[in-house]
Amino acid sequence: MVTEEKIAGTVVSEVARIFKVDPAELSRDTRFAEDLGAKSVNIAQLIAVLEDDFGIAIPFMEARRRRTVGEAIDFVTELRRR
(Lines of atoms letter the chains of each structure in order from A and count residues from 1; the text may use other names and numbers.)
(Lines give C-alpha, C1' and ligand atoms only; values in the text may rest on other atoms or scores of the structure.)
Protein backbone atom coordinates (compact mmCIF):
# COMPACT_ATOMS: atom_id res chain seq x y z
CA MET A 1 0.00 0.00 0.00
CA VAL A 2 1.23 3.46 -0.87
CA THR A 3 1.18 5.74 2.17
CA GLU A 4 0.59 9.48 2.15
CA GLU A 5 4.22 9.85 3.26
CA LYS A 6 5.39 7.95 0.15
CA ILE A 7 3.12 10.04 -2.05
CA ALA A 8 4.48 13.23 -0.49
CA GLY A 9 8.06 12.09 -1.00
CA THR A 10 7.46 11.21 -4.63
CA VAL A 11 5.61 14.45 -5.40
CA VAL A 12 8.36 16.54 -3.76
CA SER A 13 11.06 14.59 -5.59
CA GLU A 14 9.38 15.00 -8.98
CA VAL A 15 8.62 18.70 -8.41
CA ALA A 16 12.27 19.26 -7.48
CA ARG A 17 13.47 17.45 -10.59
CA ILE A 18 11.10 19.18 -13.01
CA PHE A 19 11.66 22.67 -11.58
CA LYS A 20 15.37 22.10 -10.92
CA VAL A 21 15.31 22.99 -7.24
CA ASP A 22 16.65 21.30 -4.12
CA PRO A 23 13.91 19.15 -2.54
CA ALA A 24 14.89 20.63 0.84
CA GLU A 25 13.71 24.03 -0.45
CA LEU A 26 10.19 22.73 -1.04
CA SER A 27 7.38 22.70 1.51
CA ARG A 28 3.66 22.04 1.41
CA ASP A 29 3.23 25.81 1.04
CA THR A 30 5.50 26.16 -2.01
CA ARG A 31 3.40 27.72 -4.78
CA PHE A 32 3.82 26.42 -8.31
CA ALA A 33 3.37 29.71 -10.17
CA GLU A 34 4.65 32.30 -7.71
CA ASP A 35 7.54 30.37 -6.16
CA LEU A 36 8.57 28.00 -8.96
CA GLY A 37 7.54 29.98 -12.06
CA ALA A 38 5.42 27.08 -13.33
CA LYS A 39 4.03 27.14 -16.84
CA SER A 40 1.36 24.84 -18.28
CA VAL A 41 4.04 22.65 -19.84
CA ASN A 42 5.66 22.11 -16.42
CA ILE A 43 2.33 21.11 -14.89
CA ALA A 44 1.62 18.75 -17.81
CA GLN A 45 5.05 17.15 -17.32
CA LEU A 46 4.44 16.74 -13.58
CA ILE A 47 1.03 15.20 -14.21
CA ALA A 48 2.46 12.70 -16.71
CA VAL A 49 5.22 11.63 -14.34
CA LEU A 50 2.87 11.25 -11.38
CA GLU A 51 0.39 9.28 -13.49
CA ASP A 52 3.20 6.86 -14.36
CA ASP A 53 4.54 6.73 -10.80
CA PHE A 54 1.16 5.96 -9.22
CA GLY A 55 -0.78 4.29 -12.05
CA ILE A 56 -3.60 6.83 -11.91
CA ALA A 57 -5.28 9.25 -14.30
CA ILE A 58 -4.93 12.88 -13.24
CA PRO A 59 -7.40 15.23 -14.95
CA PHE A 60 -5.36 18.20 -16.25
CA MET A 61 -7.97 20.89 -15.56
CA GLU A 62 -8.50 19.66 -12.00
CA ALA A 63 -4.76 19.42 -11.39
CA ARG A 64 -4.19 22.99 -12.60
CA ARG A 65 -6.40 24.26 -9.78
CA ARG A 66 -3.88 22.99 -7.24
CA ARG A 67 -1.68 25.97 -6.36
CA THR A 68 0.79 24.46 -3.89
CA VAL A 69 2.88 21.35 -3.45
CA GLY A 70 0.69 20.42 -0.47
CA GLU A 71 -2.48 20.69 -2.54
CA ALA A 72 -0.87 18.46 -5.19
CA ILE A 73 0.05 15.87 -2.55
CA ASP A 74 -3.50 15.90 -1.17
CA PHE A 75 -4.97 15.61 -4.69
CA VAL A 76 -2.81 12.62 -5.63
CA THR A 77 -3.64 11.00 -2.28
CA GLU A 78 -7.36 11.51 -2.95
CA LEU A 79 -7.09 10.07 -6.47
CA ARG A 80 -5.26 6.99 -5.16
CA ARG A 81 -8.19 6.28 -2.82
CA ARG A 82 -10.82 6.36 -5.56
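One rule links them: number in our numbering = place in the sequence shown (from 1) + 8. Even glycine gets a Cβ: it sits at the ideal position worked out from N, Cα and C.
Residue i in three-state terms, based on DSSP
| i | result |
| --- | --- |
| ARG39 | strand |
| ALA56 | helix |
| PRO67 | coil |
| ASP30 | coil |
| ARG90 | coil |
Limits of the unbroken alpha helix (DSSP H) element including residue i
| i | result |
| --- | --- |
| GLY17 | 12-27 |
Which residues DSSP lists as bridging residue i, in chain order
| i | result |
| --- | --- |
| THR76 | ARG39 |
Neighbour-count burial assignment, residue i, 16 or more Cβ in a 10 Å radius
| i | result |
| --- | --- |
| ILE15 | buried |
| PHE68 | exposed |
| VAL23 | buried |
| ILE81 | buried |
Sufficient close CB pairs (3 or more, under 8 Å) joining the segment 60-78 to the segment 29-44: yes
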